[in-house]
Amino acid sequence: MSSSVKNPATKMVGKSKLKRTQSSLVRSSPTSRSYFQGLSSIADVDLEAGTASIPVDDHREEPKKPAISRPISFRPVPALTAAALALFILFCYFRTCEISTFEKFLLALIFTAVSLLLTDKNKRFLPRLVSLLPKSVSLLKKFYNDGAKKLGFSKNPPRERLKVYIGDAPGTESEELLKMTRKEGAEYYYDGDSYEGGYHKGKYSGSGVYSFNKNGRYEGDWVDGKFDGYGIDFYRGGSEYRGEFRKGLRHGFGVFRSHLGYSYSGEWSHGRCHGVGIQGYRDGTFFVGQFKDGVRHGLGCQTFRNGDRFAGEYFLGVLHGYGFYYYVNGHYYEGSMYEGFRYGYGSYNVGNGETLNGYWNYGMLQTMLTLSTDSVVQAVEKGRKTAEDAMQQRSVDEQVNDAVAAANRAAAAARAAAVKASRKSSGGKV
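Pasting the structure below:
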């Protein structure tokens, strides 16, 4: 058994850290934006020696000569000797010592500044260097913090994940070969995530358990590093999904139950409710019918929290089309609906044999007609027929129950595989 580390990645799996897709209710490494920002260009420094002018007096008498301060004479030999010696020492230091690239860059910058000071005749460079020092340090810090990770200057080790390989010791085989041939093992992340289970060609495969640090876990089948097959996905707070997966998304038949009281049981496609399903809420709202891309769409029957019921057509989540609406007070409406309102031709029965028939506009009777009017008759017949079709939809309860049973078995197998991998990993060297 051997251990190795590699860069953590986003949460899907394989060489990258697994991340929950939107359909899996969420759990990518942010793209690090690194750049190199050099020091601001320094204005050309006049390094030529200045000369002190001696005043010339036009008087005939030769006055007493005042003391004249002469410029400091420049002796290049000692300066060049010192510079050469310092360069030789730095070269030897770089060759023999293991220091980071950033430290080498900083030492070279210091050496350059000292050399300029030694070769500056009138010491005019020093004030400018001092004035630019704060800005230079700030730029260096920004460069170090933003670019260190990508350029390899970081002093601290990167956040990498520890891998525990199960199988033969490395021996003469390469780590990559071992990674591609192992059948089971464990991976642990610095942020607390972990995987224990099967592998195929270096990716999570077969049965395994992935634990999201403080965010739940997945137990079940894997293919090519993703949830695929049957399994159980647990979420923080108590929500869970049991059923089928494909390529990391809920796909097939399954049941989702939220800790907030929401539930959906039925067909899924690419992570969304799609097909026939049953939807329930804590407040008593209940829907049985067709879904498309996560919303009610097609035929369905709904019971509202106040006791009202509707059977008919839905469009993008709202009552829209023909149907039958029964009110808890005993009234009912048959006919056309638009965005949840009585709209178009229809008949409203208020009890005692009294009806309001005609053309409706956003819930209000706009044009009153007799019940025998052709437009009203046709709308009422369509409403009744649509309601009957909505109440006679196919049931998917059997398929859902089979999927849940398969998910429970897959989760049990995944837990067993995880225990086996964990025991093997604890018995060898990491």
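Heads up, the sequence shown is in full-length UniProt numbering, so the first residue is 1 and it goes up one at a time. Where a beta carbon is used, it is the ideal one built from N, C-alpha and C, also for glycine. Keep in mind that this is a model prediction, so the values were computed, not measured.
Among residues of its own chain, excluding the 5 on either side of TYR348, which ones have a beta-carbon nearer than 6 Å to its beta-carbon?
So the qualifying residues of the chain are TYR333, LEU356.
Are there 16 or more other CB atoms within 10 angstroms of the CB of HIS259, so buried, or fewer, so exposed?
Around the Cβ of HIS259, a 10 Å sphere holds fewer than 16 other Cβ atoms; the residue is exposed.
According to the neighbour-count rule (16 or more other Cβ atoms, all chains shown, within 10 Å of its Cβ), is GLY237 buried or exposed?
Burial is judged here by how many other beta carbons sit within 10 angstroms of a residue's own beta carbon; GLY237 has fewer than 16 and is exposed.
Between which residues of its own chain and SER211 is the CB-CB distance below 7 Å, once the five residues before and five after are set aside?
Answer for SER211: ASP193, SER194, ARG217, listed in chain order.
Quick check on the DSSP output: the beta strand (DSSP E) that includes ARG236 runs from which residue to which?
From DSSP, ARG236 is part of no beta strand (DSSP E); its letter is neither H nor E.
Endpoints, alpha helix (DSSP H) assigned at LYS420
Here the alpha helix (DSSP H) through LYS420 covers 397-426.
Taking Cβ positions, are VAL255 and ALA418 nearer each other than 7 Å?
Cβ distance not < 7 Å, so VAL255 and ALA418 don't count as in contact.
Measure the Cβ-Cβ separation of GLY261 and ARG242 and say whether it is below 7 Å.
Cβ atoms of GLY261 and ARG242: not closer than 7 Å.
Alpha carbon to alpha carbon, how far is ASP233 from ALA411? Give it in angstroms, no decimals.
Going from the Cα of ALA411 to the Cα of ASP233 covers about 9 Å.
Nearest to ASN401 by CA position, among TYR264, LYS226, ASP228, is which residue?
Checked all of TYR264, LYS226, ASP228; the closest Cα to ASN401 is TYR264.
Which residues share a DSSP beta bridge with ALA311?
Bridge partners of ALA311: CYS301, PHE324.
Span of the alpha helix (DSSP H) holding GLY351?
GLY351 -> not in any alpha helix (DSSP H); beta strand (DSSP E) instead, spanning 341-351.
Please name the residue or residues paired with ALA387 in a DSSP beta bridge.
ALA387 pairs with nothing; no bridge assigned.
Measure the beta-carbon distance from GLY346 to ALA379 and round it to whole angstroms, keeping in mind my assumption that it falls under 8 Å.
The Cβ separation is near 5 Å, so the contact holds.
Per DSSP, HIS200 forms a beta bridge with which residues?
Beta-bridge pairing links HIS200 to LYS203.
Whose C-beta lies closer than 7 Å to the C-beta of ASN213 among residues of the same chain, with five residues either side of it excluded?
Cβ-Cβ distances below 7 Å link ASN213 to ASP191, GLY192, ASP193 in the same chain, with the five nearest sequence neighbours on each side left out; the list follows chain order.
From GLN279 to LYS424, what distance separates their C-alpha atoms?
Their backbone Cα atoms lie some 44 Å apart in a straight line.
Rounded straight-line distance, which links the Cα of GLN290 to that of ARG409:
Pairing ARG409 with GLN290, the inter-Cα distance amounts to about 29 Å.
Straight-line Cα distance separating MET337 from ALA414
ALA414 and MET337: Cα-Cα distance of roughly 49 Å.
Going along the chain, which residues of its own chain have a beta-carbon closer than 8 Å to the beta-carbon of VAL376, five neighbours each way excluded?
Only residues of its own chain outside the window of five on either side were considered, and among them GLY335, TYR345, GLY346, SER347, ASN357, GLY358, LEU369, THR370 have a CB closer than 8 Å to the CB of VAL376, listed in chain order.
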